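Q: Numbering-wise, the UniProt record's numbering puts 393 at position 393 of the sequence shown, and it's gapless, one number per residue. Starting off with a structure, shown below.
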Amino acid sequence: MKFVALVSGGKDSCFNILHCLAQGHELTCLANLYPPPAESDEIDSFMYQTVGHDVLNYYSECIGVPMFRHMIQGKSNNQSLEYKVTEKDETEDLYQLLKKVLDAHPDVQGVSVGAILSTYQRTRVEDVCLRLGLTSLSYLWNRDQGELMIEMCQSEMEARIIKVAAIGLSDKHLGMTLQEIHPTLLNLNNKFGVHICGEGGEFETLVLDAPFFKKGRLIIKDKQVVKHTNDDVYYLKLSVEVVPKEGNEIISDTNYSQFVVEPPLLREQFQDIYGFIPEIDEGKLKSIENRVYETAVEKKWEITSKKVGSKIYISNITSTKSGLSEQMLDIFDHLSNELKKNGVTFQNIQSSCLLVSSMETFAAVNKIYMSFFTEPLPPARICVETCLPNGILAQLSVVIIQDLNFKAGLHVQSRSYWAPSNIGPYSQTIYDRNNNVASLSGQVPLIPKNMEVCDDIKTASCLSLQHLDNVKEVTGYTKQLSMICFFKDNKWLDTACNVWKEYMDEHKDSINKCLFARVQELPKSCSVEWGGLSHKEETDAYYDSEDEDSQEPEIVNAEVKFSHEFDFEFNKDKHHTILMNPINLEFDISKFPPSYELLPVVELFDKNGENFKYGIIQYP
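Okay, here's the thing in structure tokens:
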């Protein structure tokens, strides 16, 4: 896609441009925000690097594309990690800048942004992109800083230190290249935990040359060291000029991939898992048949709404109205009324399970669904096509956090190497800080850098589970409480089971907590999807096992059970998800627990591939 590059002059914004070019995107123009004339070179901004901003005037000449600039007029008025439109906030200056770009270049689709770890910066760029119909391209997001700095040093990008603000750094380091200061940063990282890439604001850089500087490069004519109001902060005031590039200094458009290192699709842990999975027996695959069921489900199940512990579970919401839109609006009308009864709003919803009778209707269903989730951090979501009762086109179940102060999550909408972007009304995860349980959205095998579907059985089974694991690692909610692996063809079952067992090899206590469910269709026609619950184990700093008065930390657990008969002993004080095929099976709804969600599936298996009629998840 054609893209505009947000540039501060720093190494991160410029190195991300290299990655965008290496991915085949086309640089159309540059965009920069600069401080008001009355301000100093360094303003108090949570979003933007402004030291060296005057040098940006030369970038258009060096790179050969137009530069759009806009003066920063707002302040950091909204300091929440998750941003929503706030008057006179500096984020609205970014909106005005990119709107100006689109007015001049309506064919621009992407925005290059150099965020590495800053959720604050990433969410604001994503908010502006969403409002303008743009895609955030953030290939540095969540990369290992040590590896990233080495790659920057090897990229033929000339970046120099123009500001220092950390222990161990002083004015003597100003003007150094990344290569020159790299050993110092490694030493300071080992001693004091200084961020190697400066993600803690330890230093800032200015790029004077890069492979995409086609027309010229910058040289420093004069420099002045300026001491900031803080005694330990220094920056450079530079005078530069453009030196034209000639001959072998000019890099052709097709060679940008040689200046970046693209992370492997599977990281080391999942490469190992892939290596342990038996090779696919094509002869065996051809012999595998999917059991075929009648599509008509005669029996219906009830809508339930229960408070269980600190959560509210509203489950199995359906409608008997005549059309799809009518049913979806009726479902949300029912949900809205239930939310009002319980004194909560749509923002309190932690997770949802959206079932449809046909994925062909998904676009229409999703359009209505997303109209009710307009606030930051929409619910985590699982969505599959499966066998619903006659005339029922959709079913919705939700889990609600009663106190919004305990709600947090991760909603990454940028394209990166990390995991698929969620350009929609669902977050990768929403977690409840009251009981430290995270709802994990269903992850399908999309290749993150381009959002294309991977359909190789072994790779896709590993990749989709890696996406879910990446979410767990970023948030710290790493203990698996329960998992559902959805698939639509039994040819995937053995591989998915083997991937799960290898993944849980070091966590045997949770290895039996995965249900493998065949459904009729998955989003984007993918063949496998992993989703579930995880937990963050935190040790109470005041807990003393030898102190009788010390309260032992609560053990959070979820139970997963399988059976050939509906003979479960339900805990009436817990919520349950019941997986079963409701077609041609005799089941008595009166035997269901007070709070339950029925998730109809075509077939159900355990981790060893044994077929069961019934499975349950008892929630913590």
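Here a beta-carbon is modelled for each residue, glycine too, at the ideal position from N, C-alpha and C. The structure presented is a predicted model; accordingly, all values stated were derived computationally and were not measured.
Express the C-alpha separation of Gln413 and Asn190 in angstroms, rounding to a whole number.
A: Along the sequence shown, read from residue 1 onward, the residue named residue 190 stands at position 190. Along the sequence shown, read from residue 1 onward, the residue named residue 413 stands at position 413. Distance between the alpha carbons of Asn190 and Gln413 is about 33 Å.
Q: Quick one: residues in its chain with C-beta nearer than 6 Å to the C-beta of Leu185, no 5 flanking neighbours on either side, listed in chain order?
A: By 1-based counting over the sequence shown, the position of residue 185 is 185. Within the same chain, Leu185 has close Cβ partners Ile196.
Q: By how many angstroms is the C-alpha of Glu92 removed from the C-alpha of Gly133?
A: Looking up residue 133 in the sequence shown gives position 133. Looking up residue 92 in the sequence shown gives position 92. C-alpha separation (whole angstroms): 16 Å.
Q: At the level of alpha carbons, what is the spacing between Val85 and Gly74?
A: Along the sequence shown, read from residue 1 onward, the residue named residue 85 stands at position 85. Along the sequence shown, read from residue 1 onward, the residue named residue 74 stands at position 74. Cα to Cα, the separation comes out at about 12 Å.
Q: Given Ala159, which residues of its chain have a CB within under 6 Å of its CB, disregarding the five upstream and five downstream residues?
A: Position 159 of the sequence shown, counted from the start, is the residue given in the question as residue 159. Excluding residues within five positions, the ones whose Cβ falls inside 6 Å are Lys11, Leu178, Thr205, Val207.
Q: When the distance is taken between beta carbons, is Leu388 closer than 8 Å to Gln347?
A: Here residue 347 refers to the residue found at position 347 when the sequence shown is read from its first residue. Here residue 388 refers to the residue found at position 388 when the sequence shown is read from its first residue. It is not a contact, given that the beta carbons lie outside the stated cut-off.
Q: From Lys340 to Ser357, what does the alpha carbon distance come to, in whole angstroms?
A: Walking along the sequence shown from the start, residue 340 turns up at place 340. Walking along the sequence shown from the start, residue 357 turns up at place 357. One C-alpha to the other measures close to 28 Å.
Q: According to DSSP, is Ile280 part of a helix, a strand, or is it coil?
A: For the purposes of this step, residue 280 is taken as the residue at position 280 of the sequence shown. Three-state DSSP puts Ile280 in coil, outside helix and strand.
Q: Are the Cβ atoms of Lys163 and Phe203 separated by less than 8 Å?
A: If you number the sequence shown from 1, residue 163 lands on position 163. If you number the sequence shown from 1, residue 203 lands on position 203. Contact: yes.
Q: Could you tell me which residues DSSP puts in a beta bridge with Thr205?
A: As a position in the sequence shown, residue 205 is number 205, starting the count at 1. According to DSSP, Thr205 bridges with Ile161.
Q: Anyone know if the C-beta pair for Gln428 and Leu410 falls short of 8 Å?
A: For this step, residue 428 is matched to residue 428 along the sequence shown. For this step, residue 410 is matched to residue 410 along the sequence shown. Yes, they are a contact pair.
Q: From the DSSP output, which residues share a beta bridge with Arg433?
A: Residue 433 sits at position 433 when you count from the first residue of the sequence shown. For Arg433, which the question treats as bridged, DSSP gives no partner whatsoever.
Q: Less than 8 Å between the beta carbons of Pro66 and His53, yes or no?
A: Your numbering for residue 66 matches position 66 in the sequence shown. Your numbering for residue 53 matches position 53 in the sequence shown. It is not a contact, given that the beta carbons lie outside the stated cut-off.
Q: Helix, strand or coil: how does DSSP classify residue 699 here?
A: Beyond the ends of the chain as shown, which are 1 and 620, falls residue 699; an answer cannot be given.
Q: What does the Cβ neighbour count give for Asp432, buried or exposed, with the cut at 16 atoms within 10 Å?
A: In the sequence shown, residue 432 corresponds to position 432, counting from 1. With 16 or more Cβ atoms within 10 Å of its Cβ, Asp432 is classed as buried.
Q: Along the chain, where does the beta strand (DSSP E) that runs through Lys306 open and close?
A: Here the question's residue 306 lines up with position 306 in the sequence shown. Here the beta strand (DSSP E) through Lys306 covers 304 to 308.
Q: Contact between the stretch 484 to 502 and the stretch 452 to 467 is defined here as three or more beta-carbon pairs at a separation below 8 Å; is this criterion met?
A: Touching, yes.
Q: Tell me which same chain residues have a C-beta within less than 7 Å of the C-beta of Leu355, skipping the five on either side of it?
A: As a first step, residue 355 is located in the sequence shown; it is residue number 355 there, counting from the start. So the list reads Val384, Thr386, Leu388, Ala394, Gln395, once near-sequence residues are dropped.
Q: Comparing alpha-carbon positions, which option in Lys237, Thr374, Asn470 lies nearest Leu265?
A: Sequence index remark: in the sequence shown, residue 265 carries index 265 (1-based). Checking every option, the nearest Cα to that of Leu265 belongs to Asn470.
Q: Check whether the stretch 502 to 520 touches the stretch 595 to 603, taking contact to mean three or more Cβ pairs, one atom from each stretch, closer than 8 Å.
A: Because the criterion of three Cβ pairs below 8 Å is met, the stretch 502 to 520 and the stretch 595 to 603 touch.
Q: Could you compute how far the alpha carbon of Ser482 sits from the alpha carbon of Ser239?
A: Sequence index remark: in the sequence shown, residue 482 carries index 482 (1-based). Sequence index remark: in the sequence shown, residue 239 carries index 239 (1-based). Distance between the alpha carbons of Ser482 and Ser239: 59 Å.
Q: Looking at Ala166 and Leu98, is the spacing between their C-beta atoms short of 8 Å?
A: Sequence index remark: in the sequence shown, residue 98 carries index 98 (1-based). Sequence index remark: in the sequence shown, residue 166 carries index 166 (1-based). No. Outside cutoff.
Q: In whole angstroms, give me the CA-to-CA distance for Asp494 and Ala210.
A: Position 494 of the sequence shown, counted from the first residue, corresponds to residue 494. Position 210 of the sequence shown, counted from the first residue, corresponds to residue 210. Between Asp494 and Ala210, the C-alpha separation is close to 48 Å.
Q: Output yes or no for whether 8 Å exceeds the beta carbon distance between Gln109 and Met1.
A: Residue 109 sits at position 109 when you count from the first residue of the sequence shown. Residue 1 sits at position 1 when you count from the first residue of the sequence shown. Yes, these two residues count as a Cβ contact at 8 Å.
Q: Would you please state the rounded distance, in angstroms, between the beta carbons of residue 687 and Arg415? I believe it to be under 8 Å.
A: Residue 687 is absent from the structure shown; the chain starts at 1 and stops at 620.
Q: Measure the beta-carbon distance from Gln443 to Ser310 and round it to whole angstroms, keeping in mind my assumption that it falls under 8 Å.
A: Translated into positions along the sequence shown, residue 443 becomes position 443. Translated into positions along the sequence shown, residue 310 becomes position 310. Going by Cβ atoms, the distance from Gln443 to Ser310 rounds to 26 Å, so no, they are not a contact pair.
Q: Let's test the definition: count the other Cβ atoms within 10 Å of the Cβ of Asp505 and tell me whether it reaches 16, buried, or not, exposed.
A: Residue numbering aside, residue 505 sits at position 505 when the sequence shown is read from its first letter. Exposed, since its Cβ has fewer than 16 Cβ neighbours within 10 Å.
Q: Residues in the same chain with beta-carbon distance under 6 Å from Glu552, minus the five sequence neighbours each way, listed in chain order, please.
A: In the sequence shown, the residue the question calls residue 552 occupies position 552. Its pLDDT being 48, under 50, Glu552 is placed unreliably in this model, and the coordinates cannot settle the point.
Q: When you compare each of Met580, Glu610, Gly275 to Glu597 by their alpha carbons, which one comes out closest?
A: Counting from one through the sequence shown, the residue named residue 597 turns up at place 597. Among Met580, Glu610, Gly275, the Cα nearest to that of Glu597 is on Met580.
Q: Which whole-angstrom value describes the C-beta separation of residue 625 and Lys245, a residue pair presumed to lie in contact below a C-beta threshold of 8 Å?
A: Residue coverage of the chain in this structure runs from 1 to 620, which leaves residue 625 outside it and unanswerable.
Q: Whose C-alpha, out of Met71, Cys29, Glu87, is nearest the C-alpha of Tyr59?
A: Taking the sequence shown and counting its residues from 1, one reaches residue 59 at position 59. For the residues Met71, Cys29, Glu87, the minimum Cα distance to Tyr59 belongs to Cys29.
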